[in-house]
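Accompanying notes for the structure given below.
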Amino acid sequence: MGVRVAVVGGGIGGLVAAIELAVAGCEVTLLERQAALGGKLRVLGPGIDAGPTVFTMRWVFDEIFGRAGTSLDDRVVLRRANVLARHAWDDTAQLDLYADLQETADAIGRFAGAAEARGFLEFSARAKNIYETLEKPFLRAQLPTPISLATGAGFSGLPGLMRISPFETLSKALAKFFADPRLRQLFGRYATYCGSSPYLAPATLMLVAHVERDGVWLVKGGMYRLVAALGALAQEKGVSIRCGAEVSSIDIVRGRASGIVLVDGERIEADAVVVNADPASLPQKFFGDAVVRAVPDVKAQARSQSAITWTLQARTSGFPLSRHNVFFSRDYKAEFDDVFDRGRPPETPTVYVCAQDRDDEDAPPEGVDRLLCLINAPADGDRKNYSEAEIAGWSRKMWSRLQGCGLQVTPPDTQPTVTTPDNFEKLFRGTGGALYGQAVHGSMATFRRPGAATRIPGLYLAGGATHPGAGVPMAALSGRLAAARVIADGASTRR
Ligand SMILES: Cc1cc2nc3c(=O)[nH]c(=O)nc-3n(C[C@H](O)[C@H](O)[C@H](O)COP(=O)(O)OP(=O)(O)OC[C@H]3O[C@@H](n4cnc5c(N)ncnc54)[C@H](O)[C@@H]3O)c2cc1C
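Residue 60 in numbering that gives the first Met the number 0 is what sits at position 61 of the sequence shown, and the numbering runs on without skipping anything.
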């Protein structure tokens with residue numbers, strides 16, 4: 000096509016957009032301000048995954064690599080996890096979810112009784128149904144609206160729309176399937192996969208349960224292998240990748256995006272610009288005055304959650320860690336009230352721990368684990384700096400929750416690396432540290448995410464804060480949608 004495209008950002012959405020555009024014959028330059036590609040998918044210290052760790056919906060990447068004439072399996076080694084996640088409430092109450100539906104139902108039966116096991120099977124069928132209803136008309140489609148969903152896409156009007164449960168909250172819906180509050184908590188946690196509260200998010204998000212059941216994949220060598228594979232593929236397809244290249248503004252000529260300017264003043268002309276930075280950075284002037292109206296500004300109250308994360312190497316004992324582990328607090332509602340109403344990390348946090356050297360049950364080599372520990376936090380990193388004393392306080396609360404579930408972490412030789420919302424804001428500017436774009440709170444929230452096209456011709460968006468939503472596969476889908484939009488617009492311009 001000969002269309003020149005500048006992609007701003009080398010996160011998952013940017014990389015995928017660049018690959019798809021290059022495969023379609025565009026001349027693509029990808030500019031990434033950090034020294035390495037990957038964005039939120041990053042490593043710290045001795046190869047510790049410090050961003051996403053749960054890899055699902057591999058079909059998205061199977062398709063991307065396939066369309067580029069290769070295969071995902073040729074580029075990364077994946078193994079399906081048998082234990083999806085291990086959950087603990089104290090040092091006796093533990094529950095594993097398995098890839099196998101009946102194995103999970105049996106585990107839930109032993110944990111909470113036969114009625115809960117039946118509830119789980121009903122819940123799983125419902126989650127599958129919602130996912131299958133939405134895959135084509137929502138996940139794969141350019142920005143759908145409630146009307147386009149209700150009138151088209153086989154939804155057959157409002158009754159069809161009701162099938163995806165947009166009008167009740169996840170927490171209310173879960174109460175119909177589970178009497179045990181621990182199970183409501185466990186499945187309500189899926190709202191946090193897009194940085195939201197189960198008490199405010201629509202029940203539609205129960206589809207995440209199906210996504211996990213469809214396959215949680217362990218990436219040999221760590222999640223970053225996926226970024227490395229995408230980066231290599233992009234280069235093979237002719238994408239010019241420049242790391243350490245920060246874009247300071249987007250040029251608009253006669254109302255159309257016509258290129259970018261780097262902080263050192265270099266100008267790169269382009270027929271289209273795809274922004275993989277969070278769209279919130281546009282109205283907040285991180286790309287100059289000309290594009291502030293490209294998308295609506297996101298109010299701070301509408302942001303998804305941020306996090307505090309600890310990455311470290313340590314010896315552990317007292318609790319048999321699996322790859323993915325969740326140590327639940329007793330009062331889940333209070334956690335989200337803390338984050339979204341009181342604007343502080345939870346007083347008693349639920350802690351997610353990824354032990355990346357463990358495949359299901361295997362102990363790590365030489366008994367030392369590489370760990371990522373994570374608690375939810377408000378996206379206030381543009382208004383607040385977390386002091387050393389505050390970080391020490393949240394660290395104590397986090398370790399105390401792990402100890403309460405029997406997990407002892409031997410004080411590490413080196414201090415953990417802690418990332419707080421203000422650190423995330425510096426990495427992903429204009430977000431306050433929100434890691435998943437806008438929170439999915441209320442039935443209309445998913446439709447408020449911007450789509451690939453902006454108000455400015457020639458300027459497009461790709462990434463986890465754009466439709467169809469947050470998470471590695473969703474950001475990848477958004478990259479595909481952005482590329483498709485550029486190609487369609489480029490083709491029509493040529494016609
Ligand atoms: C701690 C954590 C845990 C997570 N866990 C999971 C999980 O288990 N599973 C899952 O699927 N998802 C998870 N996620 C979410 C997932 O990581 C993101 O949704 C996804 O990686 C976002 O990709 P993106 O395309 O939006 O790009 P981003 O990762 O947001 O990257 C955007 C890129 O743009 C660059 N950029 C910004 N401004 C400029 C500029 N001016 N010039 C040049 N470059 C610029 C940035 O440096 C960055 O590299 C997690 C995220 C975090 C942070």
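Glycine is no exception: its CB is placed at the ideal position from the N, C-alpha and C atoms.
Keep in mind it's a predicted model, so treat the numbers as computed, not measured.
Secondary structure of residue i, DSSP reduced to three states
i: Tyr-130; result: helix
i: Cys-193; result: helix
i: Glu-365; result: helix
i: Arg-493; result: Confidence at Arg-493 is low in this model, with a pLDDT of 47, below 50, so the placement of that residue should be treated as unreliable; the coordinate-derived value is given next. In the structure shown, Arg-493 sits in a helix (DSSP, three-state: H, G or I).
i: His-86; result: strand
i: Arg-479; result: helix
i: Ala-313; result: strand
i: Val-15; result: helix
i: Ile-163; result: coil
i: Arg-224; result: helix
i: Leu-40; result: coil
i: Val-266; result: Position check: residue 266 holds Arg in this sequence, whereas Val was assumed. Residue state, collapsed to three classes: strand.
i: Pro-472; result: helix
i: Thr-103; result: helix
Alpha carbon of residue i to alpha carbon of residue j, nearest angstrom
i: Gly-8; j: Gly-37; result: 9 Å
i: Gly-431; j: Ala-279; result: 10 Å
i: Ala-178; j: Ala-313; result: 37 Å
i: Arg-41; j: Phe-119; result: 34 Å
i: Pro-201; j: Arg-139; result: 20 Å
i: Lys-135; j: Asp-73; result: 27 Å
i: Asp-61; j: Gly-392; result: 43 Å
i: Ala-34; j: Ala-104; result: 46 Å
i: Thr-453; j: Lys-175; result: 40 Å
i: Ala-172; j: Arg-212; result: 19 Å
i: Asp-368; j: Val-291; result: 45 Å
i: Cys-193; j: Asp-263; result: 35 Å
i: Asp-117; j: Leu-370; result: As written in the sequence, residue 117 is Arg, which differs from the Asp given in the question. C-alpha separation (whole angstroms): 35 Å.
i: Tyr-130; j: Pro-51; result: 21 Å
i: Gly-68; j: Ala-80; result: 27 Å
i: Val-4; j: Lys-332; result: 46 Å
i: Met-56; j: Arg-302; result: 25 Å
i: Ile-455; j: Pro-295; result: 12 Å
i: Asp-379; j: Glu-334; result: 16 Å
i: Glu-121; j: Asp-99; result: 15 Å
i: Asp-358; j: Ala-483; result: 37 Å
i: Pro-496; j: Tyr-189; result: What is shown of the chain runs 0 to 494, which leaves residue 496 out entirely.
i: Gly-366; j: Thr-315; result: 8 Å
i: Val-408; j: Thr-144; result: 48 Å
Pair within 9 Å by beta-carbon distance, residue i and residue j
i: Phe-88; j: Arg-395; result: Checking the displayed sequence, the identity of residue 88 turns out to be Trp instead of Phe. Taking 9 Å as the Cβ cut-off, Trp-88 and Arg-395 do not qualify as a contacting pair.
i: Ala-293; j: Pro-282; result: yes
i: Ala-208; j: Ser-321; result: no
i: Glu-31; j: Arg-224; result: no
i: Val-82; j: Asp-95; result: yes
i: Ala-149; j: Leu-206; result: no
i: Pro-363; j: Asp-356; result: yes
i: Leu-199; j: Gly-441; result: yes
i: Thr-191; j: Asn-422; result: no
i: Gln-304; j: Val-338; result: yes
i: Val-59; j: Asn-275; result: no
i: Leu-406; j: Phe-326; result: yes
i: Asp-250; j: Ala-256; result: yes
i: Val-75; j: Gly-220; result: yes
i: Thr-445; j: Phe-166; result: no
i: Val-246; j: Leu-261; result: yes
i: Thr-465; j: Gly-436; result: yes
i: Val-273; j: Ala-469; result: no
i: Leu-373; j: Ile-307; result: yes
i: Leu-142; j: Gly-450; result: yes
i: Thr-203; j: Ile-146; result: no
i: Thr-416; j: Leu-311; result: yes
i: Ile-11; j: Val-210; result: no
Cβ distance (whole Å) where residue i is taken to contact residue j below 8 Å
i: Phe-54; j: Val-471; result: 6 Å
i: Ser-170; j: Arg-183; result: 7 Å
i: Ser-495; j: Phe-186; result: Since the first residue of the chain shown is 0 and the last is 494, residue 495 is not available in this structure.
i: Pro-377; j: Pro-348; result: Not confirmed; about 12 Å, so no contact.
i: Ala-84; j: Asn-324; result: 7 Å
i: Gly-429; j: Asp-277; result: 6 Å
i: Ser-239; j: Val-27; result: 7 Å
i: Ala-49; j: Thr-418; result: 7 Å
- Just checking, does the segment 16–25 make contact with the segment 231–242 on the three C-beta pairs under 8 Å criterion? Three or more pairs of CB atoms, one per stretch, sit closer than 8 Å, so the segment 16–25 contacts the segment 231–242.
- Message: Quick check: the segment 43–59 against the segment 262–271, are at least 3 beta-carbon pairs closer than 8 Å?
- Response: no
- Query: Should the segment 473–485 be regarded as contacting the segment 456–464, the criterion being three or more beta carbon pairs within less than 8 Å?
  - Reply: yes
- Using 8 Å as the Cβ pair cut-off and three pairs as the minimum, do the segment 94–108 and the segment 383–397 touch? no
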